[in-house]
Structure formats: structure tokens, C-alpha cells
Amino acid sequence: MAVNVTVTSPTAARPWARFGVRRLGRLLVSLWVLVTASFAMIHLIPGDPVRGALGPTAPMDLVEARRHALGLDDPLVTQYLHYLEGLLTGDLGTSISSQLPVSDIVAQRLPATLSLAVLAFLAAVVVAIPLGVAMGVLTRRGHGRRTELAFTTTSVVVATVPDFLIGVALIYVFGIRLEWFPVAGNETASAYLLPVFSLAIGPAAILARIVRVEMVGVLEADFVRTARAKRLPARTVYLGHALPNAVTAALTLGGLLLSAMVAGTVLVENVFAWPGLGSTIVQSILTKDYPVVQAIVLVYGVGVLVTNLVVDIALALLDPRSTIRED
Amino acid sequence: MQGRWSRVVRTPLGLTATALVVLVLALACLGPVLWGTGADAVNTDDILALPSAEHWAGTDNLGRDILLRSLVAARPSILLALVAIVISVVIGLLLGAAPFVLGRRTGRLVSAAVNIAVAFPGILLALFFAVVFGAGATGAVLAIGLSGAPAFARLTQTLVAGIAARDYVAAARIAGVGRFRVLFRHVLPNIAEPLVVNATIGAGSALLSFTGLSFLGLGVQSPSYDWGRLLYDGIGAIYVNAAAALAPGAAVLLAGLAFNLFGESVAKGLGIPAGFGLRALATTRAAAVPEPAVHGEEDHEPSDDVVLDVRDLEVTFPGPTGPVRLVRGVSFEVRRGEAVGVVGESGSGKSLTALAITRLVADHGRVDAARLDLLGHDLLAPDTAVRRRLLGTSLAMVFQDPMTSFNPTRRIGAQLAEVATHHQGKTRREAMARAVDRLAAVRIPDAEARARQYPHEFSGGMRQRAMIGMGLMGKPALIVADEPTTALDVTVQQQVLDLLAAIREADDVALVLISHDVTVVGEVCDRVLVMYAGRVVEDLPAAGLATAAQHPYTRALVEAVPDMATDLTRPLATIPGRPVGPADAPPGCAYADRCPLADARCRAEDPPLVATEGRHRVACWHPGEPVRPTEDLFETVESL
């Protein structure tokens, strides 16, 4: 028995190190895939992207000059190395249409998108977790059959409606009919309300559903019975013992929702004329301003990877088994 | 198969969803035929008109009817979404089945790539491919199709891995059947159903994503139009004519919902319906005749040293046809320092009795009793802070499975300390010190370091000891242990039993030990309650189990345990027949069907639990009568 103890104490720290290394490795591989994909994008486009961007009437020497400026006449390997070098020094290239450095465009547009995504995520979590917990307690085994049916049906329907349609409906009701909120731009605080709501409500419904299902399951668990056997107050049993176990599973899916939300801003921004990356990327795709598109795809991708990393770390902290479980 | 599908349609949601899908598909087929010309009819005299009797949703900038255009757009929208989902499924299948076909190394590479791709949200992938393929319907179909592929690849991978692990697939491969043949013969047919269901849900999502791309101007281009394109045109004019945006919006929403809900309800209908475990157990209603109250109980006042006093305990659960009584009038008392064992087969109500006396019965069950007192306090009284404190400190519970009875997300020490902070007003530090002290008391080595560990870092036996330590945080007068050694290794079972015995001796703690193991109970306890079908059939001194048992069931239980004197050349004794569930309890003695002594009276009238001598009680019309010679019993068993 004593041997057992001396062996476990030093290894107690090791799973964390192993977890860190493994997670970092996965991040780097994903990052490399992302960077390579964004580099490859411009080369996967059939035909000449510069000719496409400048239109069929542009003079040949202008096209050649622009190709040279973009480095598109270099060998592929050289271009790739240049691209990586540029990324490391913060140089994302130059916009074809506006001739501005892409990094400036991104820096200028990113805050609006980021604030929208973060606010929407917080709103979804703040609504979904208490709602899911409450529903879980109300519909635990042998309780609230009708509440369960009503809740499940409502949340399925709400979660199916895409954010941009909710946005359109909100613009109609609150912007045009009631004239309560501005429907475009992000100048005022109240302008955040409708976009954040459109973006948050679907994920909130999904998250609340997951939390409820998890809660119902966890409330059946033996350790909840143990907590009851300790005669802890109901609040402590639900929030202290059941919730952390329900949230671990919810967080895994919540992470997917969050990264979907990062990308979901694209549509919502276009509905509400939000001056963020989402409206820029669509404009740039339509005008074939590829350096800008490349950079924004990269930014979204990095956002997703960072989100996943944060979720994994949070999961590991909440449920230490998850660091050891996967191997 | 037929029956399962018809079950989908029978639920209200499933019926609605099916009707919607049929409607949407009909619209896609017939829309352009019926209204195609009307939708394209240009009328420059009537441009951007508001909704009217003639044009319900108004007209667009060429004077075309928006409602008709929304109806006609069903065909391209749905067709494009279906093509996209087919692309997703086909590519997903190829990628997902690749690890199975390609062998380990290449397969790993493919699944790693799928795992990376799946981490990126679909819309981001769709944008990526939209850039590559350019804005337009073809590009958008490819973009949506490819962006959906990783999710299907992951799904296929999981499903294939599940099937590949089955015995018949392994057998086929060992028999030398080629990978492709195995894939097409055994694997694909088995995963077709979940794939189709998910593709249906996916079709709804593809429709909505496609609409999104068209709405951004990256999908269908003018003069063609789908719902997304109409929405794109409509939102520009939303201040002039809101219906121009709302009509196509409503159409796409309805169609998307139809596919999603249809897929979800098919998934639900084809799966195994979730039900209560109790349902199966409680198939029939309990006998309508009220159970005779327990007779023969001397009406003595509880003496001072009675820790637990239980009279006429009943536990009832709702069943499909009415309430089912799973514990039917159990009475006993436990004195200070006394160890009482409760034995019986599964379903005899012994565990439920333990949960009832600790007030831990799941809250859709009902607990009734003429008396249920712990240390003179009524346990049936409503829950108050005072009562919680009393129970939290003087009643300890040890559960069957130490693996699942600790909260996996909290440290062991904190889980023990909680009792002290909640019930004894201690600070965190004091409580933690007490927890470490208690862990040491239950013989956990290096308790201080162990207290900082999580449950998964403890072995099973150690967890069970920690669980007992948790009960010792207060000053328990009674420990209720529900099969505390069943889930443990034989070698550690004895440690746990010894620990319980030591605690009992040291602090004069009473113990109620629930077990199906007569030997364990005989070894640890002073008295034994034998339960059958929700009732106590015999209450006797543990020392008398082998010699003084009077109920034929008790005697059979003891017989069934082999000992050193058992003749191993003969089959081991068993109790013929199946235990009757409390739910099926007959009007007479529940054991009558299996009892060699049963007569007409046994079948008609349930024997009361009466005292024979001292505290020995038995519920039998023929207590102590010799049973048939065991030879006959063996023949019965063998002939079964």
C-alpha cells in the first residue's frame, strides 16, 4: 500500500504535462493545416486569380505587374515560404482592390466581430445553463412530463431557425414595426441587441437542451444520492454536485457551438450591416480580393482553434479524468 | 421494420413532420408546373407593389409576383440542397470507410485529417470552398456538399468502428473474406439506417446553409432564383415591402424545419424508446386486497437504546397501471451497537428498505410508515435544517458501488469535509483536517496526500473505506450499508467488513447491512431479517441461521451456500422456481409457489410475522416443519 502511494504522488503531475504536450501538438498540426489551406486556396481557384480580380478588360502588362507584386510568378515553394514568413512578421499582404495592407483591414474590422461573437456566447451561456439546470430539475425522473415535451419541442424548433432568418424577423418587428432598436451598424450599445440576440438564441436553445439532458442523467447518478445522503441542502446538491458533472458534457458541445458562432457572425453581420470581418469577407469574395479573403479565412480559423483550445483546457480543469481518459 | 416506421408517423410530432415533408416535396415537384409562367411574368406598370388582393406578398422591381416566385423557388432550393447532401454523404462515406479498407497507417492519416476538418464549422468550410469554386449555384452546391462531408465522415467512421468490432465481422475477416466484401456485405447494410436518418436532418441543414450562401450573394445568381436569392432581393427592399423578405424567409424556414423534424422524429422512433427500469419490473398491479397489517408485534414501547424503529414501512412506486407496492409492511428495530443484516434475492425490497429508512428513495416513490424514528426523531416529518443536521451527522450510508458513489469532479477530501462545513459549522480548514483524520481512521495510508486526490485515483476498496470515513465525519449512531462489498474484489471485501466491525465495536454504532450473501451477514451481524417479495419473512439471531431457521425460504437460502461439509459429488442446492416480484405478490404467501410445504391455506392467506421465542419472528403457516427430503428437491432442479 505504501509503495502505491509513493508511486502515485509524482505521477499526479505527469498527466497534466502529457495533456499539455498532446494538446499543443494537435494545435500546431491544425494550425499548419489551416495556414496551408489558406495558402492553397488562391492556387486552387481555376484560372488566373489576378485576371479574375481585374476583369477581362484589364491590360496584360497590368495583370503581369500585379502578378509580380503578389509574387504569383515565383515557384510555388518560394511563394509558400514567403507566405509563412509574412505571417510570422504580421504581413498579410496587400488588398487588390484598395491597395491597403490586409493586416490594417483585419485590425480595423476584427474588434466588431469579436465583440459580437463574445457577447453572443456569453448571452447564450448565461441563459442556457440556468435554464437547462432548472429544466433538468423540473423534469428529473418521474417529474414534469409535459414540461419536458414543451421544452424539448420549443428548443428543437428554435434551434432549427437559422440566425440570419431570426435577424430578418427581428429587423422587421423591432426595427421597422416598433422602431425600438437600430437595425444597422454598431455605433450605439442598443445596436448590439438584435445581432447578439439573433446569434445567441439558436446555440442557447441547443445548449439548454444538452444541459437539461445531462442534468437529468446526472441527477440519477450514485454520487448525487451520496450528496443527498450527506443531507446537503438542495441548492448544494444541484449546483455543487450535479452541475459540474452536467457541464463537462455540455461544454464539449458548447465549444462546438462557440466555434460555430465565430463563423456564424458572417451571416448576421451581413443582415445587420455590421462593420466586421463577416461583411468584409463577403465583399472581398464578390470582388475577388483574394489576399483579404485569405487573411480573414485564416483569422476565423485561428479563432476556432483558440476556442477549441480554451474549451479543452476548461474541460481538463473541470473534469480531471478527461486529461487522462483519451490516450 | 414496417412497424418501426409506422411508429414514427404515429407520434403527433412525427405525423406533422411527415406531412410537412410531403407538402414541401410536392411543392418542389408541382410549383414550377403550376405557377412557373406566373412567377416570371414581368409587369413594368406594377413594380415594387405592396401586398394586395392580387399580389399577396407584393411585387419585385420588375413587377413579378413575390408569392408565386417564393412557391416556384421551392424546386431549385430543395434540389440544390439534396444534391449538396448527396455530395456530403458520398464523400463522407468514402472518407469514413477509408480507415477500415486502407489498413492501419493510411487509415489513421485519413481519420486525423477528418478530425481536423470536423473542428472547423461548416459555414467556414463553405466560405472556403465558395472562394475556390467562385460565386454561383454550382460553386455553392460543391461548397455546401464538401463542407458537410467531414461530419458524415466522422459519423461513418464511428459507425463502421462499432460494426467492425462485432463478432461476425471479425469472424468474416478471419475466414479470409476481403475487406471490400466485408464492407459491402456486413458493414454498410448495418450503418445504412443511421446514415439515412442523419442525411435527412442534414438535408434540412444543407437547405438552410444554401439559403445562407445565396443570401450573401454567393449562391444562385440572377436571373435564376432560389429562396436565398429572393431573401437577398427582399432584404434590400424590406423598408418598402417587408413581405418581400418575409415570404421566402417563411418558406425556407418551413422546409428546413420539415426535414429537421422529420429526421429527428425518425431517429427517435427507430431508437429504443427510453423507459423506466421500474416499468418492466412493475408490470402488474399489486393485489387490490389491502395487506394485513403486521400482526403479532408485541406492542412494546421503544426502549431507550433503540436507534431505529420501523413499523409498517411501505414503499410505493407509480406503475403503468397504478401504484405498485415494492416494500409491503416491514417492521423492525435496531438497538444501539446492534448489527442487523437484511438478506434476500434481488427485487425482494431489501435495498429499497435501506433507502426508505435513510429517506433517499427517488422522489417519485412514496414512503409510508406507522413509525419511522431515528433516535426518537420522526424521519417522515418534513425536511428542515435541523433534521438535515441530525441525519447528516448521526446517520451514515455506505453504497454498493464505490466507483460511482463519489463525485468524479471533486477531490475526496473536499467531499468528506463538506459534511463538517454544512452540518457542524466548521471552517474549511477545520473540516479538511477532520477529513484527513477520518481518512486515517479508515486506514487510508498517507491520508493527507490522498485527501487531495480525485476519486479515480483511489482503488475500489480504498474508495469504499473513504465512503465509510465520510459517514464518520459526524458521530453516527447508525450506519446503513447497502451491499458494501458486492462490487469489490474478494480480497478487499474482508478488509471492508473488518473495518465496519471495528467501528461498530469502538463507538457502539448500530449497523444495518443489506446483502444477498447469507455468509457475510451471518459473519458480521447479530440478527438477520430475511426478506421475500417486499416483506420480512423471518427475523432471527444470526447465530441460529444454520440451526434455528424456521421459514422454509430461510432454510433454503442457508442450504444453497456450500460449506466444507457439502458433498461436492452432488449438484449444489438451489431454490427451485423464480422469485416473485412484490408487484406480482399473490393474495397468499408470496413464497408458496416455490415452497415444498405450501398447502391451500398458504395460497389463500398471507401468514403474519409472529414472534416464536424471544426476538425470533417468522411469517409462515408451517414454521420449522421438516421439508421434503433434499433428494426430491434435486430431482426437481434437474428436471427443469
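The listed protein sequences correspond, in order, to chains D and R.
My numbering numbers the first residue of the first sequence as 1 and each following residue consecutively.
My numbering numbers the first residue of the second sequence as 1001 and each following residue consecutively.
We put the CB at the ideal spot given by N, CA and C, even for glycine.
With 7 Å as the limit, tell me which residues of the stretch 1391 to 1415 of chain R have their beta carbon closer than that to any beta carbon of chain D; keep them in chain order.
Result list: L1391, G1392, M1397, F1399, D1401, T1404, S1405, F1406, N1407, P1408, T1409.
What's the gap between the Cα of A124/D and the Cα of M135/D?
16 Å
Are the beta-carbon atoms of V133/D and V33/D separated by less than 8 Å?
no
Buried or exposed for N308/D, going by 16 or more other Cβ atoms inside 10 Å?
buried
Taking C-beta to C-beta, are S198/D and I176/D nearer than 8 Å?
Cβ atoms of S198/D and I176/D: not closer than 8 Å.
For the alpha helix (DSSP H) holding D1482/R, just list the boundary residues, first then last.
Element bounds for D1482/R: not the alpha helix (DSSP H) but the beta strand (DSSP E), 1478 to 1482.
Can you check DSSP and say which residues form a bridge with V1509/R?
For V1509/R, which the question treats as bridged, DSSP gives no partner whatsoever.
Name, in chain order, the residues that DSSP records as bridge partners for M1397/R.
Looking at the DSSP output, M1397/R bridges to V1480/R.
Rounded to whole angstroms, what is the Cα-Cα separation between R109/D and S115/D?
Here the C-alpha atom of R109/D lies approximately 11 Å from the C-alpha atom of S115/D.
Counting only C-beta atoms, is G1275/R closer than 8 Å to chain D at any point?
Its pLDDT being 27, under 50, G1275/R is placed unreliably by the model, and nothing is read from it.
Hey, how far is the Cα of Q1493/R from the Cα of I1357/R?
25 Å
If the criterion is Cβ atoms closer than 8 Å, does the pair A1080/R and I285/D meet it?
Reading off the sequence, residue 1080/R comes out as Leu, not Ala. No, the Cβ-Cβ distance between L1080/R and I285/D is not below 8 Å.
Less than 8 Å between the C-beta atoms of L1257/R and V157/D, yes or no?
yes
So the beta strand (DSSP E) M1467/R belongs to, where does it begin and stop?
No beta strand (DSSP E) contains M1467/R, which is instead part of the alpha helix (DSSP H) from 1460 to 1471.
Between V1512/R and chain D, is there a C-beta pair that is closer than 8 Å?
no
Taking only the alpha-carbon atoms, compute the straight-line gap between G1162/R and A200/D and give it to the nearest angstrom.
35 Å
Whose C-alpha, out of Y1553/R, E1457/R, V1090/R, is nearest the C-alpha of N1407/R?
E1457/R
Any beta-carbon of chain R closer than 8 Å to the one on Y83/D?
no
Are the C-beta atoms of Y80/D and some chain R residue less than 8 Å apart?
Chain R contact via Cβ: absent.
Check whether the stretch 1379 to 1393 of chain R and the stretch 1414 to 1427 of chain R touch, using three or more Cβ-Cβ pairs below 8 Å as the test.
yes
What residue range is occupied by the uninterrupted beta strand (DSSP E) comprising R212/D?
Careful: R212/D lies outside any beta strand (DSSP E), inside the alpha helix (DSSP H) at 193 to 219.
Please confirm if S95/D has its CB atom under 8 Å from at least one CB of chain R.
no
Looking at chain R, is there any beta carbon in it that lies within less than 8 Å of the beta carbon of V118/D?
no
Judging by CA-CA distance, which residue of L62/D, P275/D, G93/D, P182/D is the nearest neighbour of I42/D?
G93/D
With distances taken between CB atoms, is the gap from L1545/R to G1522/R smaller than 8 Å?
yes
Would DSSP call H1681/R helix, strand or coil?
The displayed coordinates of chain R run from 1001 to 1640. Any statement about residue 1681/R would go beyond what the structure contains.
Comparing C-alpha positions only, which one of R145/D, G90/D, V299/D sits nearest to G276/D?
V299/D
Would you please verify whether the beta carbon of P1121/R is less than 8 Å from any beta carbon of chain D?
yes
Short check: CB of S97/D to CB of L305/D, under 8 Å?
no
Cα-Cα, which of T1018/R, H1551/R, P1587/R is closest to G1269/R?
Relative to the Cα of G1269/R, the nearest Cα in the group T1018/R, H1551/R, P1587/R belongs to T1018/R.
Which residues, in order along the stretch 1039 to 1068 of chain R, keep a beta-carbon less than 9 Å from a beta-carbon of chain D?
Going along the stretch 1039 to 1068 of chain R in chain order, one finds no residue with a Cβ nearer than 9 Å to chain D.
For T36/D, does the count of other Cβ atoms within 10 angstroms reach 16, so buried, or fall short, so exposed?
exposed
Residues in the same chain with beta-carbon distance under 8 Å from C1525/R, minus the five sequence neighbours each way, listed in chain order, please.
A1339, V1340, G1341, L1511, L1513, A1542
Quick one: what's S1111/R bridged to in DSSP?
BP columns for S1111/R are empty, so no partner.
Taking only beta-carbon atoms, is L88/D less than 8 Å away from chain R?
Not a single C-beta of chain R is nearer than 8 Å to the C-beta of L88/D.
Looking at the C-beta of H143/D, does it have a partner C-beta in chain R at a distance below 8 Å?
yes
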